Each structure stands twice: as C-alpha cells, then as structure tokens.
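Right, one structure below, let's go through it.
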Amino acid sequence: MRKALRTTLNTIIERKVGKGNGIDVIVRTFSPTHFEGDWDKGGTCSKREPYRNEEKKIEGMDAKIRSIEIEELENAKEKAKKFGLNFEVLDVTKLALLRPDGHPGAYMNPFPFANGVPKNVQNDCVHWCLPGPIDTWNEIFSEMMKKGKYHAQREK
Numbered sequence: 001m002r003k004a005l006r007t008t009l010n011t012i013i014e015r016k017v018g019k020g021n022g023i024d025v026i027v028r029t030f031s032p033t034h035f036e037g038d039w040d041k042g043g044t045c046s047k048r049e050p051y052r053n054e055e056k057k058i059e060g061m062d063a064k065i066r067s068i069e070i071e072e073l074e075n076a077k078e079k080a081k082k083f084g085l086n087f088e089v090l091d092v093t094k095l096a097l098l099r100p101d102g103h104p105g106a107y108m109n110p111f112p113f114a115n116g117v118p119k120n121v122q123n124d125c126v127h128w129c130l131p132g133p134i135d136t137w138n139e140i141f142s143e144m145m146k147k148g149k150y151h152a153q154r155e156k
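So the sequence shown is numbered by UniProt numbering: it starts at 1 and just counts up by one.
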C-alpha cells in the first residue's frame with residue numbers, strides 16, 4: 001500500500017511541475033469498516049447509534065493503514081511545496097470510525113426481511129448511506145476548497 005500511495009502522489013507532483021497551473025490536491029484518508037464478526041462468515045454492522053468519542057479506538061490494520069497514509073501525504077506535501085503545489089489531507093478515518101450506524105447493513109437490498117428472517121443476510125458494512133457521515137466529509141471538503149480559493153486570491 002505504501003508503494004502504491006507514494007507512486008500515486010509522486011506522479012501527481014511530476015505531472016504538474018512546470019505547467020504553471022498552481023493546483024491544489026486534497027487527499028482523503030480511508031474509512032474503516034464496522035463488521036462485528038468475520039465479514040465472510042455472516043458478520044454484521046447492526047449498530048444504531050454513533051460511538052462516543054473515546055469508546056472506539058483506531059487499532060490494528062486500520063491504525064497501520066492510516067499511519068502509512070499520513071506519513072506518505074506529509075512527505076508529498078513537503079516535496080510538492082518545492083514545486084508550488086499544495087497538498088491537503090482530509091482525514092476522515094476517526095470520523096468514520098465513530099459512525100458504525102451509517103452503513104446500509106442488511107438494507108443494501110430493499111426489504112431484506114420481507115419473507116421472514118433468512119439464516120444469513122448479507123450486510124454492507126463498508127459503504128455509507130446518504131444522508132449520513134459522508135455529508136460531514138463533504139462539508140469539511142467544501143470548507144477546505146473555500147479556504148484554498150481564499151488563500152489563492154490573497155496571493156495574487
């Protein structure tokens with residue numbers, strides 16, 4: 001993963017250098033899943049409320065992935081700055097972690113329990129419902145865009 005992310009960020013920098021188009025790049029961190037149990041053995045995501053702030057921690061593979069993303073993005077920010085490019089990080093990992101209630105769960109298909117409760121109902125604990133947590137990310141993204149536009153206008 002580290003190599004793929006580094007290659008992607010370096011390619012963005014290399015393709016924009018010398019073109020004089022002062023691009024801003026906003027990269028979003030990943031959002032963890034909320035499977036309770038093994039996803040391939042009937043795991044579910046049946047939470048109906050957000051976690052409290054300290055109730056859930058970023059651990060294991062989720063913590064490792066986020067750490068790699070932040071490290072590589074910080075390195076790319078420094079490199080990009082030398083070429084007049086601006087990289088920003090939209091870190092949604094913790095926001096996503098706290099919202100286990102925002103997944104479609106069994107309702108990825110209409111009426112999953114219409115004919116009684118099947119033994120195993122497939123759950124979607126990866127994607128997000130709209131409206132929901134993604135609306136918050138969009139608000140933050142919008143503010144980042146406004147801030148970037150404001151700073152670009154002030155520098156002219």
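We put the beta carbon where it would ideally sit given N, CA and C, even for glycine.
Being a predicted model, the structure only gives us computed values, none of them experimental.
Three-way DSSP call (helix, strand, coil) for residue i in this model
{"i": "residue 9", "result": "helix"}
Cβ separation of residue i and residue j, assumed to be a contact under 8 Å, to the nearest whole Å
{"i": "residue 132", "j": "residue 46", "result": "Contact flag wrong, Cβ pair sits at about 16 Å."}
{"i": "residue 137", "j": "residue 95", "result": "7 Å"}
{"i": "residue 144", "j": "residue 90", "result": "6 Å"}
Neighbourhood of residue i by C-beta distance below 7 Å, restricted to the same chain and skipping five residues each side
{"i": "residue 2", "result": "68 and 72"}
{"i": "residue 48", "result": "101"}
{"i": "residue 55", "result": "none"}
{"i": "residue 50", "result": "98, 99 and 101"}
{"i": "residue 64", "result": "none"}
Cβ pair residue i, residue j closer than 9 Å
{"i": "residue 76", "j": "residue 10", "result": "yes"}
{"i": "residue 12", "j": "residue 80", "result": "yes"}
{"i": "residue 98", "j": "residue 16", "result": "no"}
{"i": "residue 6", "j": "residue 30", "result": "no"}
{"i": "residue 100", "j": "residue 58", "result": "no"}
{"i": "residue 121", "j": "residue 112", "result": "yes"}
{"i": "residue 135", "j": "residue 93", "result": "no"}
{"i": "residue 141", "j": "residue 52", "result": "no"}
Residues of its chain near residue i, where Cβ-Cβ distance is below 8 Å and the 5 sequence neighbours each way are ignored
{"i": "residue 20", "result": "Unreliable positioning characterises residue 20 in this predicted model, as indicated by a pLDDT of 48, which lies under 50. The coordinate reading is nonetheless provided below. Excluding sequence neighbours, residue 20 sits near nothing in its chain."}
{"i": "residue 43", "result": "35, 36, 37, 123 and 125"}
{"i": "residue 127", "result": "103, 104 and 108"}
{"i": "residue 115", "result": "none"}
{"i": "residue 129", "result": "102, 103 and 104"}
Residues near residue i by beta carbon distance below 6 Å, same chain, minus five either side
{"i": "residue 148", "result": "24"}
{"i": "residue 87", "result": "25, 76, 77 and 80"}
Discussion item. Which complete beta strand (DSSP E) runs does the UniProt domain "Trichome birefringence-like C-terminal" (1–144) hold, if anything under 3 residues is left out?
Written reply: 24–28 and 86–90
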